[in-house]
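For the sequence shown, the working numbering gives the first residue as 3, with consecutive numbering after it. Below is one structure; the comments refer to it alone.
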Amino acid sequence: MCSHQPPCPNADDADHDAARTVAFHPEQGWSLLCNGAVVFDDTGELLPDGRTVEPHRLALV
Numbered sequence: 003m004c005s006h007q008p009p010c011p012n013a014d015d016a017d018h019d020a021a022r023t024v025a026f027h028p029e030q031g032w033s034l035l036c037n038g039a040v041v042f043d044d045t046g047e048l049l050p051d052g053r054t055v056e057p058h059r060l061a062l063v
């Protein structure tokens, strides 16, 4: 359970990536959020229930 104030969004919420970072591993390219989601440097995500979110960064023109 999140103890932050205001509380972090749940992993099922649309704004789940707004949760606070609790573990940061830039040398490995990922961070763990308070809600259990793992976000990767390429903007892809792994949610606590095993679902994935495809990378969504903008393409440079």
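Every residue, glycine too, gets a C-beta built ideally from N, C-alpha and C. Computed from a predicted structure; not experimentally measured.
Neighbourhood of P11 by C-beta, 7 Å cutoff - its chain only, sequence neighbours within 5 removed: D17, H18, A20, A21, N37
Is A39 closer than 9 Å to P28 when the C-beta atoms are compared? no
Please list the terminal residues of the continuous beta strand (DSSP E) segment that includes H58. First-last for H58: undefined, no H or E at that position.
CB contact flag (L34, T23, <9 Å): yes
For F26 and V41, what's the separation of their Cα atoms in angstroms? 10 Å
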